[in-house]
Structure formats: C-alpha cells, structure tokens
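Engineer: Here it is, the structure in full.
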Amino acid sequence: MFSRQIGIDLGTANVIVYVRGKGIVLTEPSVVALAKEDGSNRPRIVAVGEEARLMLGTEYMLRYFINKVCGQVRIFQPQLMICVPSGVTSVERRAVKDAAIRAGAREAHLIEEPLAAAIGANIPISGPSGNLIIDIGGGTAEIAVISLGGIVVSRSVRAAGNKLDEAIANFVRKRYNLMIGERTAEDVKIQIGSALPMDPELTMEVRGRDLIAGLPRTITIGSNEISEAMDPVLQQIMGAVKAVLEETPPELASDVIDKGMVLSGGGALLRNMDKLLTQVTGVACYVAENPLYCVAKGTGLALEHLDFFRRSLVAVH
Ligand SMILES: Nc1ncnc2c1ncn2[C@@H]1O[C@H](COP(=O)(O)OP(=O)(O)OP(=O)(O)O)[C@@H](O)[C@H]1O
Ligand SMILES: [Mg+2]
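For the sequence shown, the positions run 746 to 1062 when the numbering used here is used.
Here you go:
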C-alpha cells in the first residue's frame, strides 16, 4: 500500500481535493469557520463562509480536508501538492508548506495556480511551444503564457467571480432600488448571466428588499442588463489578457495564435466568456473540460508525476 497522494486546490470560492487513483473526491465551499477552540488543540469546525477563511488559517483548513479524505487515524501520512496563486512571496510559501506539515502531511509541494490549471487542462506544458491559460476563479483571474514547464509572462487581477457578483448587486440596487444579497447575485449570474448580449435573452425573477419601502419586492431581469452590469469587471479581465499577449515573445505568441487559448476556473462557465475573449483578442479560445476541476486535477497529476514536473514547482527555502 502506498501513502496517499493528495492534490489540493485551496481556492477563494471552492476547495477541491484530488486523490491519486480516485480523482476528484471532495469539493466544498472554502471554509469552515472556527467558533472556538476547546483547549484540546482541536478546532471546532462550525460553518462555511468567506470571512471565516481569514480567521481560520491554512493549517486548520488543510487539517480539516486531510482528515476528511484520510480519516482521523492514519497509518500513512499523505503527500500533498497544494496550489498557490502565482507570485506569492517566499514568506507565504514557507508558511503554506509549514502549515501542511503541521496539518499532518509527510511531504508538501507547492505549484502555481496557472501551471496546475494548464496541467489539469491536459496542456503539454513541458514542451517548447507557447500555451496561454486563463483561469477565472472567485477571487482572481490569472492569465499566463507557459513554455518549457514554466511561466513566461503572467498577470493576476482581482477581477473574477466575486467581483462579477458585486457588480450585479450594485447594478440592481441602482437601477431598481432593490437590495439583493451576494448569493442571489451569484445565482443570477449563473442562471442568466452572459459575457456578451444575447438575442433572445434569458430572463429571471429576482427577489430582494425595496430600498425605500423596506419590503420584499420581485423584479424580472434580463441577461442583457446583467451583461451591462458585469462589463467593467469583464473589461478588466480583457485588459489583463491583452497585456499578457502584448508581452509574449513573438515565437510563443505565434504558437498561441495557432493553438488558441484555454479557459479554466468557474468563470469559464459564464455564458459566452470564450466568445468575448475571441472577439476582443482575435485569438480562438476554448473552455477546458470540467473547468472547475482543472487546478485540483493538475495538482494531483503534478504529484503523480513528480519527477517530470519537479522543475515547474514553487521552490520553498
Ligand atoms: N455556471 C457558472 N457561470 C458563471 N460563473 C460560475 C458558474 N459556476 C461557477 N461560477 C463561478 O466560479 C467561481 C468559482 O470558481 P473557482 O472554484 O474556479 O474559484 P476558486 O478557485 O475558488 O477561486 P480563486 O482561484 O480565485 O482562488 C465563483 O465566483 C462562481 O460564482
Ligand atoms: Mg482557483
């Protein structure tokens, strides 16, 4: 029996866990709030939610997920591959690695999110050719050109799923004097949101609280208004993609033009996101298979083929 090999995508919105030989075994909203510690050194996990992520810290998160996958009593300590956003500082790398060891890992490796996304999207990252991957998550959109197993040019912008939800909520508040929560805004984005106007458009009833009367009210809203609401955030993502293309060395850019770019992350599921990217850049764009799982799958594959991908990993000193 071999020790467990676990790849973890600790995303802003979702934590996704990939186990060698099993594939994706777990997908949960990030975090898991810690109400109190009872002195036994064992945090009590009581809730999930975004702000809890900050309170909780990586170690407890990792411990929680390792326990869920391996059980509380372990004969073998797992080997971990954890994805980190590109450009994390050396102090942050050290902190994540130490947290993984304290959380019970025998060994922990780190990989940058765009590389993991590309591996998970079955892009041959180790070859000399240039590949462009765009991962749109909850917190950030990361754009990278990858060649010879490394990132050649990249940009990371805080314009992704959460900002799209905020933009929708703000739009509805201003245009309809209606307060809606972020979960409702996300639901609207998923149900009818489109990166480009649609004809015919989709519509949806949205319930919120009237800002003036203070009472519940329902409106009907259309995809094209949602596109309008999301436009400034989408433009930020487009700006970052254009900047990466402009900085890409000519030979690699020519590969990207030939092969097209690949879209991963939950944001890849937004209607017409690929079409908008193609329209703005003139380069073909493809949505990866199971875009939400690319990063987790990539962390798992990187661990499974550690020697092959070793030079693509983040060095921790
Ligand atoms: N069908 C859909 N259409 C549009 N957006 C979607 C869809 N499904 C999921 N999303 C969005 O995808 C985002 C989550 O994606 P993902 O799990 O890749 O993020 P993450 O990895 O947790 O975040 P990050 O990489 O920024 O840390 C959420 O904002 C969610 O609203
Ligand atoms: Mg992510």
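All residues carry an ideal CB built from backbone N, CA and C; glycine is no exception.
#1: Whole angstroms is fine: what's the gap from F1053's alpha carbon to E911's?
#2: Could you check whether S871 and G894 sit closer than 7 Å to each other, using their CB atoms as the reference points?
#3: On the CB-based measure, 16 or more other CB atoms within 10 Å of its CB, does V818 come out buried or exposed?
#4: If you reduce the DSSP assignment to three classes, tell me which class I881 lands in.
#5: Say the cut is 6 Å; is the CB of V1040 nearer than that to a heavy atom of ligand 2?
#6: Report the rounded CA-to-CA distance for T963 versus H1050, giving the unit in angstroms.
#7: If we count Cβ pairs, one from each stretch, closer than 8 Å, do we get three or more for the region 836-848 versus the region 975-984?
#8: Is G938 a contact residue of ligand 2, with contact defined as CB to any heavy atom under 6 Å?
#9: What first and last residue would you give for the beta strand (DSSP E) that runs through L855?
#10: Reducing DSSP to helix, strand and coil, say where S831 ends up.
#11: Which residue marks the beginning of the beta strand (DSSP E) containing Y805, and which one marks its end?
#12: Check the Cβ-Cβ distances between A848 and every residue of chain C, and say whether any is below 7 Å.
#13: So within the region 928-998, which uninterrupted alpha helix (DSSP H) runs reach at least 4 residues, ignoring any that extend past its ends?
#14: Apart from the five residues on each side of it in sequence, which residues of its chain come closer than 8 Å, Cβ to Cβ, to D944?
#15: May I ask which residues mark the beginning and end of the beta strand (DSSP E) holding N759?
#16: Do you know whose CA, among V902, T757, A1060 and K1042, lies nearest G766's CA?
#17: Can you tell me the Cα-Cα spacing of A861 and E804, whole angstroms?
#18: Within its chain, find whatever has a CB closer than 8 Å to the CB of L923; leave out the 5 residues flanking it on each side and keep chain order.
#19: Three-state secondary structure (DSSP) at S874?
#20: Could you pull out every residue in the same chain whose Cβ sits closer than 7 Å to the Cβ of R946, ignoring the five residues on either side in sequence?
#21: Could you tell me the boundaries of the alpha helix (DSSP H) in which V897 lies?
#22: Does the structure place the region 806-823 close enough to the region 1026-1041 that three or more beta carbon pairs sit under 8 Å?
#23: Please confirm whether A914 and M1018 have their CB atoms less than 7 Å apart.
#24: Taking the C-alpha atoms as reference points, what is the distance between I864 and V760?
#25: If I878 sits next to I982, beta carbons under 8 Å apart, how far is it from one beta carbon to the other, in whole angstroms?
#26: Confirm, please, whether the CB-CB distance from E887 to P859 is below 7 Å.
#27: Could you tell me the boundaries of the alpha helix (DSSP H) in which L909 lies?
#28: Spell out the partners DSSP gives T772 in its beta bridges.
Structural biologist: On the basis of the coordinates in this document:
#1: 41 Å
#2: yes
#3: exposed
#4: strand
#5: yes
#6: 53 Å
#7: no
#8: no
#9: E852 to E857
#10: coil
#11: Looking at the DSSP string, Y805 is not in any beta strand (DSSP E); the run it does join, the alpha helix (DSSP H), is T803 to C815.
#12: Protein chain content of the structure displayed is limited to a single chain, and chain C is not contained in it.
#13: 968-992
#14: none
#15: N759 to V764
#16: K1042
#17: 21 Å
#18: V917, V951, G953, R954, D955, L956, R962 and I964
#19: coil
#20: Here the sequence assigns Glu to residue 946, which means Arg is not the residue at that position. Taken in chain order, the residues that qualify are G967, S968 and N969.
#21: Not the alpha helix (DSSP H): V897 falls in the beta strand (DSSP E), residues G895 to V902.
#22: no
#23: no
#24: 18 Å
#25: Not really, about 13 Å apart at Cβ, beyond 8 Å.
#26: yes
#27: G906 to Y921
#28: I761
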